[in-house]
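2 protein chains.
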Amino acid sequence: MANIKDVALKAGVGIATVSRVINNSGYVKRETREKVEKVIKEIDYVPNEIARSMTLQQNNIVAFILPNSTHLFFGELLYFVEAELFEHGYKLMICNSSEQIAKEIVYLEMLKNNRVDAVILLTNNDVDSLIDKSKPVVSFDRRFEGVPFVASDNYGGGEMAAKKLLELGCKKFMFIGDDAQGDASPVITEVTNRRLGFNNYLNSIGINDVINIEYPLGDYIVSAEYVHGLLKNYSDVDGIFAISDAAAAAVIRELEHTGKRVPEDVKVIGFDGGRSFLNLGKKITSIGQSPELIAEAICSIIVSYYNKEAVEDKIIPVFFEPGDTA
Amino acid sequence: MANIKDVALKAGVGIATVSRVINNSGYVKRETREKVEKVIKEIDYVPNEIARSMTLQQNNIVAFILPNSTHLFFGELLYFVEAELFEHGYKLMICNSSEQIAKEIVYLEMLKNNRVDAVILLTNNDVDSLIDKSKPVVSFDRRFEGVPFVASDNYGGGEMAAKKLLELGCKKFMFIGDDAQGDASPVITEVTNRRLGFNNYLNSIGINDVINIEYPLGDYIVSAEYVHGLLKNYSDVDGIFAISDAAAAAVIRELEHTGKRVPEDVKVIGFDGGRSFLNLGKKITSIGQSPELIAEAICSIIVSYYNKEAVEDKIIPVFFEPGDTA
DNA sequence: TTGTAAGCGTTATCAC
DNA sequence: GTGATAACGCTTACAA
Chain E
0 MANIKDVALK
10 AGVGIATVSR
20 VINNSGYVKR
30 ETREKVEKVI
40 KEIDYVPNEI
50 ARSMTLQQNN
60 IVAFILPNST
70 HLFFGELLYF
80 VEAELFEHGY
90 KLMICNSSEQ
100 IAKEIVYLEM
110 LKNNRVDAVI
120 LLTNNDVDSL
130 IDKSKPVVSF
140 DRRFEGVPFV
150 ASDNYGGGEM
160 AAKKLLELGC
170 KKFMFIGDDA
180 QGDASPVITE
190 VTNRRLGFNN
200 YLNSIGINDV
210 INIEYPLGDY
220 IVSAEYVHGL
230 LKNYSDVDGI
240 FAISDAAAAA
250 VIRELEHTGK
260 RVPEDVKVIG
270 FDGGRSFLNL
280 GKKITSIGQS
290 PELIAEAICS
300 IIVSYYNKEA
310 VEDKIIPVFF
320 EPGDTA
Chain A
0 MANIKDVALK
10 AGVGIATVSR
20 VINNSGYVKR
30 ETREKVEKVI
40 KEIDYVPNEI
50 ARSMTLQQNN
60 IVAFILPNST
70 HLFFGELLYF
80 VEAELFEHGY
90 KLMICNSSEQ
100 IAKEIVYLEM
110 LKNNRVDAVI
120 LLTNNDVDSL
130 IDKSKPVVSF
140 DRRFEGVPFV
150 ASDNYGGGEM
160 AAKKLLELGC
170 KKFMFIGDDA
180 QGDASPVITE
190 VTNRRLGFNN
200 YLNSIGINDV
210 INIEYPLGDY
220 IVSAEYVHGL
230 LKNYSDVDGI
240 FAISDAAAAA
250 VIRELEHTGK
260 RVPEDVKVIG
270 FDGGRSFLNL
280 GKKITSIGQS
290 PELIAEAICS
300 IIVSYYNKEA
310 VEDKIIPVFF
320 EPGDTA
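Keeping their order, the protein sequence lines are chains E and A.
Residues in the first sequence are numbered consecutively from 0, following numbering that gives the first Met the number 0.
Residues in the second sequence are numbered consecutively from 0, following numbering that gives the first Met the number 0.
This is how it looks when you write it as structure tokens:
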């Protein structure tokens, strides 16, 4: 592969001049520039980005650590993050952590060893101590001390769901979510704010008998049997807010399986606003997050880091998405 | 940030020795090793991967160019590819090309400029001339001269669908797919083999009046109106094979919208075997591709490249996935 | 076993 | 305007 030296030699100039030409920096006489450009074309020279990174101590690669790319919301977020970063000239490395902390560690290490310049973090693990806070890090949906933070307005979304179910005439409410963190982690995760917003709003208007079902986070999937076990004792509930559309889908399937009609007997609202192309049945009524706006917020923080500008947390609005289940 | 020189200095050894210690290469006296390791811990030294890449002229980063990460099959493929590469110590850079050739060009350039060592290509564009064939490239579902190739057994899947619909008693068949390439591209794309397998099998047993609907590839989405226009003239069809589950879903929605019952009146088989967590209705009967096996095949080729071993094309088997629509 | 030094391909400083 | 040259931080002959 031809390098900058070959170009300089063949064009009869110094390598500094070639560098000026390819980077459009400093003064270069028109004729010199043209001569150099001609040689570059001739020998098909392409600057070596590894060497560039070496000199600049920066490679314009950002890592995105997320649970997986198979759930629609994550896939969409990933899509928009990559698109947005691309606009600014940055590349995206992906890490499907599957919530495995070991894998998250490896990718967080890449900040320290200069494999990537920055990290976008979407995790439920407490990786606080593993984060190199001297480097650019942005966290979505999870707070870490000293790390800028982006999240949807989960609390507001919870309130929105409560109001909607009330409007629709529901009397007996339930929240169901996989936000149980166990005793090991005393931290309130951001998604729990969906639960809080929902409960607090209902409490504030005098409804204090909301059923709260909490189960541990798995791989964002709930089996039919498991949901059955969770729901069977609450046959009088007529308004359910689920922490995600995936959870809502599981709940709805279970309800219909046990003879309840949705939304006639029980109304269900999910969270995410997932747009599944494969859906042949009801569309889930949902509080929708905007992966596009979220990606934009995350990336603007990354870009600010690169530009050495100040960064700040951002809360992204959510939207009520009408559907067939509430 | 501490570098190898700092370690050498503080440990009172040469940098070559430190290098030997961190790479576990060459001979190092036990005490020397321990002394060096102690210093490494003390000053929290982490080898700079950019510098390493510089010396080795390799960075163990692979780029995956694919249309998007929002469709389930792609999201899953991405997931397994990343997981598999991770096992071998390689990292994955993602490029959602959205079928934009301009973006594909940028990422293919990264092979030449050493930003990545290898590329996995999943595109419908004719980027043949843009591929640096001296570098490691693997293509999924699309053939390029001189580029190793992985694909599902699309032809066999088409035959499988035909046999199944026959078994179920269908008499009048249709294939519908977004594999129209227009006059500009005379190339047969791999997915067209689904159509060929389906048609050829039916032809071989004397059925020659198969309706073939072909529409241009959009963003892997079909609007209701569009499907309506495509289907309205063929009310006698009772067995449909769609090129993808997404297309099948659109077709089924349209059929039911026009009063046909699926599968009672019309049986529909899709392709992909998509497992949508959000599906509340019928599960699409499908010819399933295995993203896991495909990822494994793709990655084994990448690994072979790194190990300077011979590489060869691979065809991955497909499976009949029972569902509620056929 | 260990250390010195060349080399990887750039960018950027500083003379000229 | 332009060209040497140092520097980036590492690996790896080669010498000792």
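Using N, Cα and C, we set each Cβ at its ideal position, and we do this for glycine too.
Measuring alpha carbon to alpha carbon, tell me which residue in the options is nearest residue i.
| i | options | result |
| --- | --- | --- |
| LEU201 (chain A) | A:GLN57, A:LYS132, A:PHE174 and A:VAL190 | A:PHE174 |
| SER18 (chain E) | E:GLU308, E:MET159 and E:VAL35 | E:VAL35 |
| VAL38 (chain E) | E:THR54, E:GLU48 and E:ILE21 | E:ILE21 |
| CYS94 (chain A) | E:GLU86, E:GLY196, E:PRO262 and E:ILE49 | E:GLU86 |
| GLU311 (chain E) | E:ALA62, E:ARG142 and E:THR122 | E:ARG142 |
| ASP140 (chain A) | A:GLY25, A:ILE314 and A:GLU320 | A:ILE314 |
| PRO135 (chain A) | A:ILE14, A:ALA325, A:GLU30 and A:ALA62 | A:ALA62 |
| TYR225 (chain E) | E:GLY88, E:ARG252, E:GLU48 and E:ILE239 | E:ARG252 |
| ASN59 (chain A) | A:ILE49, A:PRO66 and A:PHE79 | A:ILE49 |
| ASP271 (chain A) | A:ALA248, A:LEU277 and A:SER97 | A:ALA248 |
| ASN316 (chain E) | E:GLU263, E:VAL265, E:TYR154 and E:HIS227 | The residue you asked about is not Asn; residue 316 (chain E) is Pro in the sequence shown. Of the listed residues, the one whose Cα sits closest to PRO316 (chain E) is E:TYR154. |
| VAL261 (chain E) | E:SER303, E:SER275 and E:ILE239 | E:ILE239 |
| GLU41 (chain E) | E:ARG32, E:THR69 and E:VAL6 | E:VAL6 |
| VAL118 (chain E) | E:GLU98, E:GLU144, E:SER97 and E:LEU91 | E:LEU91 |
| LEU277 (chain A) | E:GLU30, E:THR31, E:THR69 and E:ILE130 | E:THR69 |
| LYS281 (chain A) | A:GLY196, A:ASP208, A:ASN207 and A:PRO321 | A:PRO321 |
| VAL96 (chain A) | E:LYS102, E:VAL80, E:GLU98 and E:LEU107 | Checking the sequence, you will find Ser at residue 96 (chain A) rather than Val. Per the Cα distances, E:VAL80. |
Count the other C-beta atoms from every protein chain shown that fall within 10 angstroms of the C-beta of residue i, then say buried if there are 16 or more, exposed otherwise.
| i | result |
| --- | --- |
| GLN56 (chain A) | exposed |
| ASN198 (chain A) | buried |
| SER128 (chain E) | exposed |
| ARG51 (chain E) | buried |
| ASP177 (chain E) | buried |
| SER288 (chain E) | First, the residue type needs correcting, since residue 288 (chain E) is Gln and not Ser in the sequence shown. Buried, because 16 or more other Cβ atoms sit within 10 Å of the Cβ of GLN288 (chain E). |
| ASP116 (chain A) | buried |
| MET109 (chain E) | buried |
| ILE204 (chain E) | exposed |
| ALA150 (chain E) | buried |
| ALA296 (chain A) | buried |
| SER138 (chain E) | buried |
| HIS256 (chain E) | exposed |
| LYS111 (chain E) | buried |
| TYR78 (chain A) | buried |
| GLY156 (chain E) | buried |
| ALA309 (chain A) | exposed |
| ARG114 (chain E) | buried |
For residue i, return the contacting residues in chain A, with the cut-off set at a CB-CB distance below 9 Å.
| i | result |
| --- | --- |
| ASP244 (chain E) | PHE276 and LEU277 |
| MET92 (chain E) | ILE60, LYS90, LEU91, MET92 and ILE93 |
| PHE319 (chain E) | Here the premise fails: no neighbours, minimum Cβ distance about 18 Å. |
I want to verify the contact list: residues of chain E whose CB lies under 8 Å from the CB of residue i, in sequence order.
| i | result |
| --- | --- |
| PRO46 (chain A) | ASN112 |
| ALA101 (chain A) | Near ALA101 (chain A) there are no residues of chain E at all, since even the closest Cβ is about 10 Å away, more than 8 Å. |
| ALA248 (chain A) | PHE276, LEU277, ASN278 and LEU279 |
What would DSSP say about residue i, mapped onto helix, strand or coil?
| i | result |
| --- | --- |
| ILE104 (chain E) | helix |
| LYS313 (chain E) | strand |
| ILE204 (chain E) | coil |
| ILE239 (chain E) | strand |
| GLY196 (chain E) | helix |
| GLY269 (chain A) | strand |
| PRO290 (chain E) | helix |
| SER299 (chain E) | helix |
| SER285 (chain A) | strand |
| TYR214 (chain E) | strand |
| ASN22 (chain A) | helix |
| GLU328 (chain A) | Because chain A here runs from 0 to 325, residue 328 (chain A) falls outside it and cannot be looked at. |
| GLU263 (chain A) | coil |
| GLU30 (chain A) | helix |
Closer than 7 Å by beta-carbon distance: list the chain A residues that pair up with residue i, in chain order.
| i | result |
| --- | --- |
| ASN95 (chain E) | TYR78, GLU81 and ALA82 |
| PHE270 (chain E) | The contacting residues do not exist; PHE270 (chain E) stays about 12 Å from chain A at best. |
Closer than 7 Å by beta-carbon distance: list the chain E residues that pair up with residue i, in chain order.
| i | result |
| --- | --- |
| ALA50 (chain A) | MET53 |
| GLU75 (chain A) | THR69 |
| ASN58 (chain A) | ILE49 |
Does the distance between the C-beta of residue i and the nearest non-hydrogen atom of the ligand NAD fall short of 6 Å?
| i | result |
| --- | --- |
| PHE270 (chain A) | Absent from the structure shown: the ligand NAD. Ligands present: none. |
List, in order along the chain, the chain A residues whose C-beta lies closer than 8 Å to that of residue i?
| i | result |
| --- | --- |
| ARG252 (chain E) | LEU279 |
Taking residue i as the query, report the chain E residues whose CB atoms sit under 9 Å from its CB, ordered along the chain.
| i | result |
| --- | --- |
| ARG283 (chain A) | With the sequence shown as reference, residue 283 (chain A) is identified as Ile, and Arg is not the correct amino acid for it. Going along chain E in sequence order, the residues near ILE283 (chain A) (Cβ under 9 Å) are LEU277 and LEU279. |
| LYS259 (chain A) | In chain order: nothing, as chain E lies at least about 14 Å away. |
### Query
Considering only residues of the region 105-180 of chain E, which uninterrupted beta strand (DSSP E) runs meet the minimum length of 3 residues and lie entirely inside it, listed in chain order?
Counting only unbroken stretches of 3 or more residues, the beta strand (DSSP E) elements lying wholly within the region 105-180 of chain E are 117-120, 136-139, 148-151 and 172-179, in sequence order.
### Task
Within the region 37-91 of chain A, note down every full alpha helix (DSSP H) run reaching 4 residues or more, in order along the chain.
With a minimum length of 4 residues, the unbroken runs of alpha helix (DSSP H) contained wholly in the region 37-91 of chain A fall at 48-55 and 71-86.
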